[in-house]
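Q: Starting off with a structure, shown below.
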Amino acid sequence: MALSARFSKNPSFSNIDARERGKRYEEDCKRLLDWNDISLTTIQACVLLGAIAITDGKAASENIHYAVACRMAQLLDLPRREAGSMVEREVNIRVWWTLCMIDVWSSSGVRLPRLLTPLDSVPLPMDEILFLSLKQGQGYEVSAKNMNRSSILAEMVRLNHILLQINQFNIRASENNLDSHSIMADVEDLSRQLDVWFEELPDHMKDTRENLTRYSEQGLGRLLVALYLGYYNYGQMLFYRFLHDDSRSPDTRIRFYANKCKYHAGRLCEIVYASEEIPGCDAKYNMVGHVLMIASTVQIHSLLFEDDEGSVTTAKRRLEKNFCILTDLVSLWPTLDVCMDRLMTFHASCRESAETSFCMDQWMVRFLVEFANPVSGKGKETGVKQHGPFRTWASLLIRSHQNFLSRFSDTFVKYHERVESLLNVNYDQLSASSPLSQSYCEASLART
5 MALSARFSKN PSFSNIDARE RGKRYEEDCK RLLDWNDISL TTIQACVLLG
55 AIAITDGKAA SENIHYAVAC RMAQLLDLPR REAGSMVERE VNIRVWWTLC
105 MIDVWSSSGV RLPRLLTPLD SVPLPMDEIL FLSLKQGQGY EVSAKNMNRS
155 SILAEMVRLN HILLQINQFN IRASENNLDS HSIMADVEDL SRQLDVWFEE
205 LPDHMKDTRE NLTRYSEQGL GRLLVALYLG YYNYGQMLFY RFLHDDSRSP
255 DTRIRFYANK CKYHAGRLCE IVYASEEIPG CDAKYNMVGH VLMIASTVQI
305 HSLLFEDDEG SVTTAKRRLE KNFCILTDLV SLWPTLDVCM DRLMTFHASC
355 RESAETSFCM DQWMVRFLVE FANPVSGKGK ETGVKQHGPF RTWASLLIRS
405 HQNFLSRFSD TFVKYHERVE SLLNVNYDQL SASSPLSQSY CEASLART
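Residue numbering for the sequence shown follows the numbering used here, beginning at 5 and increasing consecutively.
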């Protein structure tokens with residue numbers, strides 16, 4: 005209830021801000037949690053409380069709850085624990101692998117060591133349809149052999165292993181000043197792993213509108229969307245560093261990987277749009293705001309540096325749609341205030357130096373990975389004030405030609421007239437075309 009109350013249409017919540025509706029349920033959950041009860045139920049409660057904590061930007065509290073859940077799972081030897089039925093065994097396996105995945109991105113977000121080591125001896129989760137068909141008390145007569153290649157959760161586990169390597173690579177490259185040969189070798193290996201993962205997916209799990217519709221009819225549409233949000237986000241994180249030299253390097257490999265970053269960011273945007281159009285696929289959780297914010301910075305790069313008019317038009321369209329989606333998400337999740345503030349900080353850093361705004365240094369690694377923490381401007385504390393979502397995004401779309409390009413070197417002067425005309429967006433037109441009401445946009449401005 006602490007997580008879901010914000011979505012409720014019940015009249016009893018009509019006078020309560022969506023972001024505040026779960027507070028009393030959260031307090032009840034904390035009060036009822038028994039840290040001394042080492043059990044699956046306590047593990048699940050800790051995971052939920054960790055998820056609740058991060059909605060308010062409490063990264064430390066989130067990690068404490070996740071750490072307790074991980075330790076309890078180890079104490080119970082959860083994936084190999086004796087189970088009385090197929091259902092119980094599979095639940096234990098799915099919880100274990102979920103914790104392994106959580107451990108990767110939550111520990112990266114606060115720069116702490118991981119707690120869990122994936123075990124090769126633990127089978128991957130079975131196909132979701134088969135799992136949902138199991139009955140409580142059912143024995144082990146059901147064979148799940150070779151069924152995990154159709155399991156969305158199993159594919160998430162495989163993909164999460166690549167995310168771990170991408171995070172480690174980005175941190176290592178930013179801290180150790182790796183030479184270009186070492187960087188390129190690591191990127192080629194990780195890029196190949198992402199490609200192999202995608203190529204080995206069965207056809208019915210590929211990112212197509214038909215598959216998304218079919219999965220939604222089975223009640224699994226949101227899960228498939230989450231899988232691809234991860235895949236496209238990991239790709240944009242891996243290839244982001246190549247945006248910095250994209251427009252000036254003669255190296256075809258740099259341009260190739262920069263284009264892969266744009267592809268992944270673009271596909272991430274498009275699957276978010278598709279999820280809003282297909283019933284049962286909507287992605288309304290707070291992490292969507294973070295990955296969409298990163299994808300939006302890639303669109304800003306295209307808007308400013310692309311020569312192809314079609315690419316520029318597409319980038320502008322995506323920025324406008326992303327504004328509407330992010331504003332909607334901000335109305336649900338308090339932590340996305342930080343997300344929007346980070347975007348404004350990125351904007352301010354671009355004003356300071358176009359030459360370094362997309363450089364993959366330690367600042368950019370924090371920007372990409374530490375999603376719940378505010379970041380200062382590159383090279384100094386900018387003191388950027390937190391802005392409401394409408395004002396932040398409108399600043400990017402409307403006033404960018406004044407703030408960005410006035411600081412650019414002569415190399416980019418040729419873009420000025422084109423970007424100025426593209427960014428000549430009317431506030432009223434933009435808010436009127438949004439699925440959100442004008443009154444909400446006004447309320448967003450009033451909160452700043």
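Don't be surprised by glycine CBs; every beta carbon is placed ideally from N, CA and C.
1. For Leu308 and Trp201, I'd like the C-alpha separation in whole angstroms.
2. Is it buried or exposed, Trp39, if we count other Cβ atoms within 10 angstroms and call 16 or more buried?
3. Suppose only complete runs of 4+ residues qualify. What are the alpha helix (DSSP H) ranges in the stretch 251-317, listed by chain order?
4. My parser needs the alpha helix (DSSP H) runs of 4 or more residues fully inside the stretch 56-123; what are they?
5. Which residue marks the beginning of the alpha helix (DSSP H) containing Gln366, and which one marks its end?
6. Does DSSP put Arg226 in a helix, in a strand, or in coil?
7. Which of the three DSSP states, helix, strand or coil, is assigned to Met209?
8. Buried or exposed: where does Met5 fall if 16 or more other Cβ atoms within 10 Å of its Cβ makes it buried?
9. Could you compute how far the alpha carbon of Tyr267 sits from the alpha carbon of Arg322?
10. Quick one: is Gly455 buried, meaning 16 or more other Cβ sit within 10 Å of its Cβ, or exposed?
11. Would Val369 and Asn174 qualify as a contact pair, given that the criterion is a beta-carbon distance under 7 Å?
12. Do Ala269 and Val292 have their CB atoms nearer than 7 Å?
13. Which residue comes first and which comes last in the alpha helix (DSSP H) that contains His248?
14. Would you call the stretch 276-292 in contact with the stretch 326-345, where contact means no fewer than 3 C-beta pairs closer than 8 Å?
15. If you pair each beta-carbon of the stretch 99-114 with each one of the stretch 58-66, do three or more pairs fall below 8 Å?
16. Please state the DSSP three-state secondary structure of Val126.
17. Would you report the Cα separation of Tyr236 and Asp41, rounded to the nearest angstrom?
18. Please go through the same chain and pick out, in chain order, the residues whose beta-carbon is closer than 7 Å to the beta-carbon of Val191, but skip the five residues on each side of it.
19. So Ala71 and Leu119 are supposed to be a Cβ contact under 8 Å. How far apart are they, rounded?
20. Since Trp201 is in the alpha helix (DSSP H), which residue starts that stretch and which ends it?
21. Rounded to the nearest angstrom, what separates Cys265 and His165 at their Cα positions?
A: Walking through what the data contain:
1. When the Cα atoms are used, Leu308 and Trp201 turn out to be separated by approximately 32 Å.
2. exposed
3. As summarised for the stretch 251-317, the continuous alpha helix (DSSP H) elements at least 4 residues long and confined to that stretch are 256-281 and 290-309, given in chain order.
4. Runs of the alpha helix (DSSP H) spanning 4 or more residues and lying entirely within the stretch 56-123 occur at 63-80 and 90-113, in chain order.
5. Gln366 to Val373
6. helix
7. In the structure shown, Met209 sits in a helix (DSSP, three-state: H, G or I).
8. exposed
9. 13 Å
10. With the chain covering 5 to 452 only, the question about residue 455 has no answer from this structure.
11. yes
12. no
13. Where His248 is concerned, there is no enclosing alpha helix (DSSP H), because DSSP gives it neither an H nor an E.
14. In this structure the stretch 276-292 lies against the stretch 326-345, because at least three pairs of beta carbons, one per stretch, are closer than 8 Å.
15. Yes, the stretch 99-114 touches the stretch 58-66.
16. coil
17. 39 Å
18. So the qualifying residues of the chain are Leu242 and Tyr261.
19. 6 Å
20. Counting along the chain, the unbroken alpha helix (DSSP H) around Trp201 starts and ends at Ser184 to Glu203.
21. 20 Å
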